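For reference, the structure is listed below as structure tokens.
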Amino acid sequence: MRILITACLIFANLSLANEKDDSVVAVVNGKKIKKSTLYKYHQDNLKFVRAQKKVTLESSLNDLINRIIGIDKARSNNLHKDPIVVNKMNDILYHAQISKDLEGELQKIKVSDKEVKQHYKNHPEYRTAHILFRLPANPTEEDVKNAFEKAVKVHSEVVKKPDTFVDYAVRFSQSSTGIDGGDLGYLPHTRLSPEFYESIKGKKKDTIIAPFRTQYGFHIVKILGEKTAEQINTDMYKKIIYDIKRDKIVENYFDNLRKKAKIKVYKNKLK
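The numbering of the sequence shown is the working numbering, which starts it at 505 and goes up by one.
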């Protein structure tokens, strides 16, 4: 307790000294480092545990000096104009503005056990296995036709012998899970594409679903199991619901911003 009180008094004294005397403690390439800047940086530094390195006021000052030298060198090399750096800086600005505008609203998000129960009732979690006939990113009509015909042929064979699904997955699936018989394990609906989840939703165990298409290609899916509400990870589903609520807030935020912006989309150029 005495150590804690002493530490508090030290910080208090630093703050008082800072208020009375905000003198310059160093000048680097013409840029002044004031005592107030140093004390703030030093206190932030003390929050992080650094193995085998003692954080002192002098070491914090050296860090600040190195930072200024490094930034000056980057600017002299025009790194602040480099497209990759500019893009990263814009990413920081983008997220910082969203955080500034929405932080208060996002902090108000709450998820109850009742919401989890209702959400899971509408979105049960399945264990599935699949056989994937992959399509390229921009498939031709011929690519789609060939993949679909292969999927239909394999499906017609595997439904006659359901116990051979694993063998067919090992032989034909173009997914990394093929070697494991296509087993995807248990996945919440947010980890599956909408087309995939809608195709399996409500199906009973051991059902083998006819080929359907997602952005990855054509899938033949077998239902291996379904979790009960008592078996789910409640914390994970609270996070899922939180994310859904957060995404809705962000979507509304940009809807409002877009109404004030001048936007023209040339849809004919998207083809």
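Beta carbons: idealized from backbone N, C-alpha and C, even for Gly.
All of these numbers come straight from a predicted model, not from anything done at the bench.
Secondary structure within the region 626-664: the beta strand (DSSP E) runs of 3 or more consecutive residues, fully enclosed, are 630-638 (chain order). The region 625-645 and the region 677-691 touch, with no fewer than 3 CB-CB distances between them shorter than 8 Å. Three or more beta-carbon pairs separated by less than 8 Å link the region 730-745 to the region 621-629, which places the two stretches in contact. With 16 or more other Cβ atoms from the protein chains shown falling within 10 Å of its own Cβ, residue 717 counts as buried.
Residue 676 counts as buried, since at least 16 other C-beta atoms from the protein chains shown sit within 10 angstroms of its C-beta. Excluding residues up to 5 positions away in sequence, 539 lie with their Cβ nearer than 6 Å to the Cβ of residue 527 in the same chain. Between residue 623 and the set 758, 742 and 531, the nearest pair of CA atoms involves 742. Secondary structure note for residue 762: its alpha helix (DSSP H) is the uninterrupted segment 738-764. Two segments are said to touch when three or more pairs of C-beta atoms, one from each, lie closer than 8 Å; by this definition the region 721-728 does not touch the region 592-601. Residue state for residue 688 is assigned as strand, using DSSP reduced to three classes. Sixteen is the threshold: when 16 or more other Cβ atoms of the shown chains lie within 10 Å of the Cβ of residue 546, as they do, the residue is buried. For residue 571, the enclosing alpha helix (DSSP H) stretches over residues 561-580. Judged by DSSP in its simplified three-state form, residue 726 adopts strand. Look at residue 592 here: in three-state DSSP terms it is helix.
Fewer than three beta-carbon pairs drawn from the region 639-657 and the region 749-765 are found closer than 8 Å, and the two stretches are therefore not classed as touching.
Judged by DSSP in its simplified three-state form, residue 712 adopts strand.
For residue 658, the closest C-alpha among the options 715, 541 and 589 is that of 715.
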